[in-house]
Amino acid sequence: MATRTGQHWSQDTRSRPVVTEPRSLREQLSEVPDSLALLEGLFTHSPVPYAVFTSDGHCLLTNPAFLAMFGAAPPPEYSLFKDELLAQLGYAKLLQRVVSGERVQTPVFWYDVKELAHVRAPAEARRIAISCTGFPLVSSSGGVTHLAVAYKDMTAELAAREAAQVERRNLLQVFTQAPVAISVLRGYELRYEFANPLLQKLMGGRELNGRTQEEAIPDLSPELLSLHRGVLETGERATAREYPVTIDYEGAGRVETRFWNIIFEPLRDERGLVDGLVTLAFDVTEQVFARQAVESQQKWLEAVLDLMPMPVVMADPASGDLTFSNAAADRLYGLHIPKDVPATAFGDHFHVTDLEGRRLSVDEIPSNRAARGERLDGLEVHWHTPAGQYALSISSETLPAMHGHPSVVVIPFLDITRLKTVEQHLQEAVRARDEFLSVASHELKTPLTSLGLRLQSFVRAIHADPESALAQRHGREVEAMRRQVTRLAELVDGLLDVSRISTGRLKLQFEPVDLPSLVREVAARFELEAARAGCELHVTRAEGLEGVWDRLRLEQVVSNLLSNALKYGAGAPVHIDVAPGGMGARLWVKDRGIGIDSEAHARIFQKFERAVSERNYGGMGLGLYVTRTLVEALGGTIQVDSQPGEGATFVVELPLQPAR
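Read in the numbering used here, the sequence shown has 68 at position 81, and its numbers run on one by one without any break.
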């Protein structure tokens, strides 16, 4: 049986170990046929790169693995002991110790043949990380004649090691400079292995590293310690938002509370067991105080809004959901307006109709329209609530995000139920008035026509014999009566026109009209009245401006404007002119009378409105209203340009063809 003692074997027939002296390699090789071929094969096929150098450092032999590592064998002039890179690192002297019979090993280092000045490196040579093991080769006489060097390629390992070091340095730099309080705690006793500068600063410069949490921060609450240990026990990440930590931060005996967002991340060893944790803490004290201030401000604002008599609701512009209603709005609803109802379900909870009684869809409900960005301005609806039906005038405005508060849609509304009732009564009164005016005008028209015809007969008789006793006694009185009857007939005609306009019975008969000719004809009828007013009429000389209009109504427009100019511009020239204009034709009448204040420019075109006192100037305030209505019926516009004391210019723009 073969037994082993140390590294040597012997045959023991009695099952006893026999110790033999170790034989030298030379003795062992002597028993191997062609031992040189055996050593050559080992050297040639070894996966370990080898090189054999003479005692003065010149390369004698290299194996294929060496050539594969370095790309080529060293040139004859190369000396291991004069290698610049080895000399710089101090490894040349280390390898020289091999000549003295010592076995040496170098640390891992980067080696690049291309950096050697006395060696022409092959193109395929590359920078590698190596570790060299040098050992002596002893002759039969016992002296060191050569040295062998075994090379180990450590490139991948060293690159990974350096990359890890760089990563650790970068990570340490991030941890050190991060605006987050970071700590690494180990073991159940929670001992600080790392605390970045910010955390140490926030802890008043306390020494943390190497101490347990309880030692470093003795006033830390048990609850927070329990949070740390809970992560160690469960191995699961934990978070705490706006967690209040009350301690003596500065170590000066002044306890204060700060709020933190904390992330607890477990750390595991190579077996996957939790042996520590990383904490990342964000100081959110300012944000918490700011939010609390906003919330306090919000509560104060809501209290103020609750005191307001005007109903107000607020909605989220993103979802349209109601976020607030003041007390006035809740009283109108009869209950607290629900805030937990999504905007998409408003149609099931809020009954809103338009003024005609049609129920509004979800998208048409005012708060949803406002939330979509539509600006409401006096939108009138009917709101059917548990407390009753109300007419509302609704407006809206989007308040942008500010002072830490998100944007919100503010929707105030007015209860106009009483106003609508009054408006309805007024409309009924206006209809009654218009009906009365219509009836009265028709009833007055007949006797006035008859009276006018009788007076015209008297006037003709007087003009036929101006020397008669009748003419001498009553001529002036009859003429005055005729003018008053004519004026009264004009007032009645005005009332009839108003009645037709109010009841929609104004009819137009369109025909081709030469506007300059029509203006001159109307002006000719006013020559006597202009003379009595002391006004010199300057009438257009334009020719050939034709359009399709209602001749009778157009004559009425020109007559009203000319009569107005003579009344308020007495004693000064009056100009009436026609020219092509933007819409087709432009007519303007200009006087140099008392003028009109700018605030009355729009008002004078309304029914029964006047810019001056009726004590000084008669009339019912219907002429310009009728004129505006007729001009608009013809498809045109009318404007006034006037200042007090500077006269007035009325400008009429008319299209040449009626709108289809």
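All C-beta atoms, glycine included, are put in the ideal place defined by N, C-alpha and C.
It should be emphasised that the depicted structure is a prediction, and the values quoted were computed from it without experimental measurement.
Cα-Cα separation, residue i to residue j
i, j, result
"Met297", "Arg538", "53 Å"
"Pro51", "Ala116", "18 Å"
"Phe497", "Thr624", "18 Å"
"Val631", "Ser550", "A small fix is needed here, since residue 631 is Pro in this sequence, not Val. In a straight line, the C-alpha of Pro631 is about 19 Å away from that of Ser550."
"Asp452", "Val446", "10 Å"
"Ile169", "Ala305", "37 Å"
"Gln543", "Pro434", "23 Å"
"Glu176", "Thr199", "6 Å"
"Glu706", "His412", "Residue numbering for the chain in the displayed model covers -12 to 647; residue 706 lies beyond these limits and cannot be assessed."
"Asp235", "Asp270", "15 Å"
"Ala314", "Asp293", "5 Å"
"Gln187", "Ala150", "29 Å"
"Glu384", "Ile249", "40 Å"
Neighbour-count burial assignment, residue i, 16 or more Cβ in a 10 Å radius
i, result
"Phe637", "buried"
"Met295", "exposed"
"Lys577", "buried"
"Gln(-6)", "Here Gln(-6) scores only 45 on pLDDT, less than 50, and its place in the model should not be relied on; the value that follows carries that caveat. Per the 10 Å Cβ criterion, exposed."
"Trp287", "exposed"
"Phe40", "buried"
"Lys554", "buried"
"Leu347", "buried"
"Asn183", "buried"
"Leu386", "exposed"
"Ser312", "buried"
"Ala74", "exposed"
The beta strand (DSSP E) enclosing residue i, as first and last residue numbers
i, result
"Arg173", "168 to 173"
"Tyr37", "37 to 41"
"Val261", "261 to 270"
"Thr385", "384 to 386"
"Asn196", "Segment: none, Asn196 is in no beta strand (DSSP E) and carries neither H nor E."
Residue i (DSSP reduced to helix, strand or coil)
i, result
"Arg114", "coil"
"Arg228", "strand"
"Lys139", "strand"
"Ala374", "coil"
"Ala358", "helix"
"Gln92", "strand"
"Ile581", "coil"
"Glu14", "helix"
"Tyr236", "coil"
"Val328", "coil"
"Val627", "strand"
"Gln644", "coil"
"Ser87", "helix"
"Met(-12)", "Residue placement at Met(-12) cannot be trusted, given a pLDDT of 42 that sits under 50; what the coordinates show is reported in the next sentence. DSSP places Met(-12) in coil when its eight states are reduced to three."
"Ser126", "coil"
"Val368", "strand"
"Met389", "strand"
"Ile591", "helix"
"Glu464", "helix"
"Thr244", "strand"
"Ser33", "coil"
Endpoints, the alpha helix (DSSP H) within which residue i is located
i, result
"Pro503", "502 to 512"
"Met56", "51 to 57"
"Arg216", "209 to 221"
"Gln660", "What the structure shows of the chain is the stretch from -12 to 647, and residue 660 is not part of that stretch, so it cannot be assessed."
"Arg318", "314 to 320"
"Ala566", "Looking at the DSSP string, Ala566 is not in any alpha helix (DSSP H); the run it does join, the beta strand (DSSP E), is 561 to 567."
"His336", "333 to 336"
"Leu553", "538 to 555"
Which listed residue (the options) has its alpha carbon closest to that of residue i
i, options, result
"Ala110", "Thr614, Ala59, Asn157", "Ala59"
"Ser504", "Asp584, Val544, Arg107, Val565", "Val565"
"Ala143", "Gly634, Arg255, Ala24, Trp97", "Trp97"
"Asp584", "Glu633, Ala74, Ser17", "Glu633"
"Val368", "Leu401, His45, Lys188, Pro393", "Leu401"
"Lys494", "Val395, Glu410, Ala620", "Ala620"
"Val281", "Asn183, Met389, Gln200, Phe333", "Met389"
"Leu145", "Leu177, Val95, Glu361", "Val95"
"Ser118", "Val125, Tyr65, Gln152, Met56", "Met56"
"Thr310", "Asp317, Ala316, Ala302", "Ala302"
"Pro353", "Gln274, Phe333, Glu343, Ser283", "Phe333"
"Leu47", "Pro62, Pro34, Val35", "Pro62"
"Thr226", "Arg362, Glu237, Ala137, Leu211", "Leu211"
"Trp575", "His562, Ile581, Gly582, Glu180", "His562"
"Val299", "Gln274, Ser380, Glu343", "Ser380"
heavy atom of the ligand COA below 7 Å from residue i C-beta
i, result
"Val535", "Ligands in the displayed structure: none, and consequently the ligand COA is not present."
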